[in-house]
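Chemist: The opening position of the sequence shown corresponds to residue 81 in the numbering used here, with each subsequent residue numbered one higher.
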Amino acid sequence: MIEALLNYEFLQNAFASGIIIGLIAPLLGVFIVVRRLSLIADALSHVTLAGIAGSLYLSQTTAVFALLNPLYLGIVAAVTGSVLIERLRRLYKHYEELAIPIIMSAGIGFSAIFISLANGFSSDLFGYLFGSVSAVSRQDLWIVLAIAFIVVIFLVLFYKELFLMSFDEEYAKASGLPSKWVHLLFMIVTALVIAASMRIVGILLVSSLMTLPVAASMRIAKGFKQAIFYAVIFGEAAVIIGLVCAFYLNIAPGGTIVVTSIIILLLVLIGKKIWLAVVTKNERGRLA
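1) Alpha helix (DSSP H) containing glutamate 176: first to last residue?
2) Measuring CA to CA, which of Gln140, Tyr310, Ile342, Ile223 is closest to asparagine 93?
3) Near alanine 326, which residues of its chain fall below 6 Å by C-beta distance, leaving aside the five closest residues on each side in sequence?
4) As a quick exercise: from Lys353, Thr291, Phe90, pick the residue whose alpha carbon is nearest that of glycine 109.
5) Under DSSP, the alpha helix (DSSP H) around proline 106 begins and ends at which residues?
6) Does phenylalanine 266 pass the burial test, meaning 16 or more other C-beta atoms within 10 Å, or should it be called exposed?
7) Once DSSP output is grouped into helix, strand and coil, what is the label at arginine 301?
8) In terms of residues, what are the limits of the alpha helix (DSSP H) holding arginine 218?
9) 8 Å is my cut-off, CB to CB: does isoleucine 300 come that close to chain C?
10) Who are the Cβ neighbours of alanine 317 in its own chain at under 7 Å, not counting the five residues just before and after it?
11) Can serine 297 and valine 286 be called in contact, C-beta distance under 8 Å?
12) For arginine 370, which of helix, strand or coil comes out of DSSP?
13) For valine 163, which three-state DSSP category applies?
14) Which same chain residues, not among the five before or five after leucine 242, have their C-beta less than 8 Å away from its C-beta?
15) According to DSSP, simplified to helix, strand and coil, what is valine 213?
16) Between leucine 323 and the rest of its own chain, which residues show a CB-CB distance below 8 Å, the 5 nearest in sequence each way excluded?
17) Would you tell me roughly how many angstroms separate the C-alpha atoms of glutamate 177 and proline 106, rounded to the nearest one?
18) Can the beta-carbon of valine 113 be found closer than 8 Å to that of valine 348?
19) Exposed or buried, which one is alanine 198 when buried takes at least 16 other CB atoms within 10 Å?
20) Can the beta-carbon of tyrosine 208 be found less than 8 Å from the beta-carbon of glycine 282?
21) I need the DSSP call for asparagine 362, collapsed to helix, strand or coil.
22) Restricting to Cα atoms, I'd like to know which of Ile193, Thr270, Leu171, Lys240 is closest to isoleucine 230.
23) Could you check which residue in Glu363, Gly134, Leu272, Ile104 has the C-alpha nearest to that of isoleucine 195?
24) May I ask you to report which of helix, strand or coil DSSP gives isoleucine 120?
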């Protein structure tokens, strides 16, 4: 494995991209889970699929799009979807959750149309759906790096605002914070992370990497920053183990990464239960 990693550029691209995604996806996922916006990741992933499918279809009919990385149109679609969700949430003030299924339905609908026009699934589209170790190019890696830089800068600049909005959005609005603009930027950054992650994890599974490590970390963390730390650790472990398994088994990395995340979550849940049982037993013994 080490020898192959040193000799093959596509493996270097895949592992470097995976390590970066293992950082930024759970990092942003903590805020998504705490704010109860987990389904937004699913909605944006389906919109991203529409952009990718549209790009692959246009590449068959237009020479200009044949030279264009489908990731670019996927990013445009994801960002557009995030803006539309925010606009719809404002339109349906008392039924904000309606925005998510509306955009998700649109994404699925356009995806089905473009896939049909492109005469069904291709190997490229399958790789975008479930991830691919061999399909990550150096250009994809640079895009992931650029998006990671944007995510880190955004979280550094707006950490306090996001923290306050996550636990008391009404107070954040009352205190004069520009919550609407911060939330819109948050949605756009989320869309960028989803678009960046699809090469490794796959469009249909990317939301899992943003939520499963967070679900595991929340069971053992004693504070918000600790939850972020554990989420990143679990995310990195899932990506690295998943990529290694995908390489040796010659299967899509998205599945192995998600299954690894589930195993980590189960181990944390079982470990927490055993720990509580031991602590309770020792406490009873001390009292006796």
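By construction, the Cβ of each residue, glycine as well, lies at the ideal position given by its N, Cα and C atoms. Just so you know, these numbers come straight off a predicted model, no measurement behind them.
Modeler: Let me lay it out:
1) For glutamate 176, no alpha helix (DSSP H) run applies, since DSSP gives it neither H nor E.
2) Asparagine 93 has its Cα closest to that of Ile223, out of Gln140, Tyr310, Ile342, Ile223.
3) Scanning its chain for C-beta atoms nearer than 6 Å, with the 5 sequence neighbours on each side dropped, one finds around alanine 326 the residues Val213, Pro333, Thr336, in chain order.
4) Out of Lys353, Thr291, Phe90, the CA that lies nearest to the CA of glycine 109 is found in Thr291.
5) For proline 106, the enclosing alpha helix (DSSP H) covers residues 89-114.
6) With 16 or more Cβ atoms within 10 Å of its Cβ, phenylalanine 266 is classed as buried.
7) Per the sequence shown, residue 301 should be read as alanine rather than arginine. Of the three classes helix, strand and coil, the one that applies to alanine 301 here is coil, per DSSP.
8) From DSSP, the alpha helix (DSSP H) with arginine 218 extends over 218-247.
9) The displayed structure is made up of one protein chain only, and chain C is not part of it.
10) These residues qualify, in order along the chain: Ile344.
11) For the pair serine 297 and valine 286, the CB atoms are not nearer than the 8 Å cut-off.
12) Since the displayed the chain opens at 81 and closes at 368, residue 370 lies outside it and no answer follows.
13) In the displayed model, valine 163 falls within a helix according to three-state DSSP.
14) Spatial neighbours of leucine 242 in its own chain (CB-CB distance under 8 Å, excluding positions within 5 residues in sequence) are listed in chain order as Phe111, Leu235, Val262, Phe266.
15) Coil at valine 213, not helix or strand.
16) Ala94, Phe95, Gly98, Val213, Ile280, Pro333, Thr336, Ile337, listed in sequence order.
17) Those two C-alpha atoms are separated by around 23 Å.
18) Not a contact, by the Cβ cut-off of 8 Å.
19) Under this definition alanine 198 is a buried residue.
20) The answer is yes: Cβ separation under 8 Å.
21) Of the three classes helix, strand and coil, the one that applies to asparagine 362 here is helix, per DSSP.
22) Here the closest residue by C-alpha is Thr270.
23) With distances taken between Cα atoms, isoleucine 195 lies closest to Gly134.
24) Of the three classes helix, strand and coil, the one that applies to isoleucine 120 here is helix, per DSSP.
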